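Visitor: So that we are looking at the same thing, I have put the structure below in structure tokens.
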Amino acid sequence: MKHVIPVSPSFQPPIRNENKLKLGLFGPNCSGGLAPTTVPERWRNTWENNLALARMADDAGLEFLLPIARWIGYGGKTDFHGSVLDSMTWAAGLLASTKHINIFATVHTAVHHPVVIAKQIATLDQIGNGRVGLNVVVGWNPPEFQALGISLPVDRTSRYTLGQEWLDIVVKLWYGPGPFDWNGQHYQLQRVYSEPRPIVSPIPIFNAAISAEGREFAIRNAEYLFTAAIDLRTAREDIRALKANADKLGRRAGALTFCYVVCRPSAKEATEYHRYYAQQHTDHDAVDRLIDTMLPHSKTLPATVQAIIRNNFAGGHGGRALIGDPDMVADGLEAISATGFDGTTLAFVDYAGEFPYFRDEVIPRLERRGLRRPFRPHIDGNSAAAATRQCATYQTA
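As structure tokens, this is what we get:
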């Protein structure tokens, strides 16, 4: 099935701007952010903190904010991710309180009904005047679905079959004629339609995938695929394959990764702080559960590999580490761009406390290296029509 999606003629959101390296903040709606640590300055995910952070990111010209959708935390001394602001209502509040930045909502296809989500996202797009994005999650950890009384398909193929049907319905509600009937494997709908429609066409879609089935889903449906950047040589080949396969479908698919940042005036200070929060004050039980959930077979790996994995998860949820002075952090981001990534998310132990230093010291270095241009709030976000045209065809299985 192929839907030809109308392209908005003028305004396009920041995620489609001309910056070579796009930047976003990941997970501030969760208690602890991405760092399972017991240090007292760890992130507090209050609405006040999220609002202040969003306005900082908006004023700094970052492209997006990305939340995590959770219902069950990882426990431990800090009850890591035990408190999570709802992704959809979080996005609504931030879209109403910012001016330029893309705000994404994270949605699980096995949990949320597609007709409800189609209307909610279109409403958010009106609230933000065309700045909403949709982060689609097709599978997650069983305990959360058990808590919700939902049976997640056991095999990966079935999960992605459900996810594809779910997204086909959402996209048809946004851009297709209606009302319409739908008689699928998972959904049977009669005379369904959704108004209002989104302001921006197409709505930016993110998807994270590791498996072959997941990457095929992302290539068909997502504007950007999230993938790890643990080994940059492997990531380079993965990105080349991703973009080549997208080209075969007539689509433009970008690649994003995720990082955590410890940036201080000196490398010594950064290294010492990383040791302080990620080793000396690790929430060990939370890290154990996090690794068991994300990498259930990791205990079969060599001990040296397990140690690296544990260090990365204790530091920042398994993301790529950017630790050092501003030049070193800029070097790390430049290496990510040179690998072929179009951008990355960022996380900090204390987002609001640490982001201003990154903004003042690292972003200007990225600008001087040609990875980003100085933020122009009245211009950025409107010059991406060419890139948008390339992704205006939505290809389904």
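Heads up: the sequence shown at position 33 corresponds to 140 in this note's numbering, and the numbers run straight through without jumps.
Just so it is clear, CB atoms sit at the ideal spot from N, CA and C, and this is done for glycine as well.
The structure presented is a predicted model; accordingly, all values stated were derived computationally and were not measured.
#1: Could you tell me the boundaries of the alpha helix (DSSP H) in which glycine 240 lies?
#2: Going straight from the alpha carbon of arginine 480 to that of glutamine 297, what length do you get?
#3: From what residue to what residue does the alpha helix (DSSP H) around threonine 264 run?
#4: Could you say which of Lys129, Asp345 and Leu141 lies nearest to valine 369 if we only look at CA atoms?
#5: Kindly indicate the opening and closing residues of the beta strand (DSSP E) around alanine 212.
#6: Find the nearest neighbour of serine 265 within the set Ile306, Ala217 and Trp289, judged by alpha-carbon distance.
#7: Suppose you measure from the CA of valine 394 to the CA of aspartate 186; what does that come to, to the nearest Å?
#8: DSSP three-state label for isoleucine 122, please.
#9: According to DSSP, simplified to helix, strand and coil, what is arginine 298?
#10: From Tyr331, Trp281, Phe118 and Asp193, pick the residue whose C-alpha is nearest to that of glycine 237; which is it?
#11: Identify every residue that forms a DSSP beta bridge with lysine 226.
#12: Please report how far the alpha carbon of alanine 385 lies from the alpha carbon of glutamate 272, in whole angstroms.
#13: DSSP three-state call for isoleucine 306: helix, strand or coil?
#14: Does the stretch 457-464 touch the stretch 150-161, meaning 3 or more C-beta pairs lie closer than 8 Å?
#15: Output needed for glycine 431: all residues of its chain with C-beta closer than 6 Å, excluding positions within five of it in sequence on either side, in chain order.
#16: What's the C-alpha gap between alanine 410 and tryptophan 178?
#17: Would you call isoleucine 415 buried or exposed, if buried means 16 or more other Cβ atoms sit within 10 Å of its Cβ?
#18: So the beta strand (DSSP E) alanine 362 belongs to, where does it begin and stop?
#19: With distances taken between CB atoms, is the gap from arginine 427 to isoleucine 337 smaller than 8 Å?
#20: List the endpoints of the continuous alpha helix (DSSP H) containing leucine 192.
Guide: Taking the definition as stated:
#1: Counting from one through the sequence shown, the residue named residue 240 turns up at place 133. Premise fails: glycine 240 lies in the beta strand (DSSP E), 239-244, not in any alpha helix (DSSP H).
#2: As a working note, residue 480 is residue 373 in the sequence shown. As a working note, residue 297 is residue 190 in the sequence shown. Using only the alpha carbons, I get a separation of about 49 Å.
#3: For the purposes of this step, residue 264 is taken as the residue at position 157 of the sequence shown. From DSSP, the alpha helix (DSSP H) with threonine 264 extends over 263-282.
#4: Indexing the sequence shown from 1 puts residue 369 at position 262. Comparing Cα positions, the closest option is Leu141.
#5: Position 105 of the sequence shown, counting from 1, holds the residue named residue 212. From DSSP, the beta strand (DSSP E) with alanine 212 extends over 209-215.
#6: Locating residue 265 in the sequence shown gives position 158, counting from the first residue. Ranking the options by Cα distance to serine 265, first place goes to Ala217.
#7: Against the sequence shown, residue 394 aligns to sequence position 287. Against the sequence shown, residue 186 aligns to sequence position 79. C-alpha separation (whole angstroms): 11 Å.
#8: By 1-based counting over the sequence shown, the position of residue 122 is 15. Correct three-state label for isoleucine 122: helix.
#9: As a first step, residue 298 must be located in the sequence shown, where it is residue number 191. If DSSP states are grouped into helix, strand and coil, arginine 298 belongs with the strands.
#10: Counting from one through the sequence shown, the residue named residue 237 turns up at place 130. That would be Phe118, whose Cα lies nearest to the Cα of glycine 237.
#11: Reading the sequence shown from its first residue, position 119 is the one you call residue 226. For lysine 226, which the question treats as bridged, DSSP gives no partner whatsoever.
#12: Within the sequence shown, the letter at position 278 stands for residue 385. Within the sequence shown, the letter at position 165 stands for residue 272. Computed Cα separation, rounded: 41 Å.
#13: On the sequence shown, position 199 is the one that residue 306 refers to. It is coil, neither helix nor strand.
#14: yes
#15: Walking along the sequence shown from the start, residue 431 turns up at place 324. So the list reads Ala374 and Ala377, once near-sequence residues are dropped.
#16: For the purposes of this step, residue 410 is identified with residue 303 of the sequence shown, where counting begins at 1. For the purposes of this step, residue 178 is identified with residue 71 of the sequence shown, where counting begins at 1. Looking at the two C-alpha atoms, the distance is approximately 32 Å.
#17: As a working mapping, residue 415 is identified with position 308 in the sequence shown. The residue in question, isoleucine 415, is exposed, as its Cβ has fewer than 16 Cβ neighbours within 10 Å.
#18: Position 255 of the sequence shown, counted from the first residue, corresponds to residue 362. Its beta strand (DSSP E) spans residues 361-370.
#19: Start at 1 with the first residue of the sequence shown, and residue 427 comes out as number 320. Start at 1 with the first residue of the sequence shown, and residue 337 comes out as number 230. In this structure, isoleucine 337 lies closer than 8 Å to arginine 427 by Cβ.
#20: Along the sequence shown, one-based indexing puts residue 192 at 85. From DSSP, leucine 192 is part of no alpha helix (DSSP H); its letter is neither H nor E.
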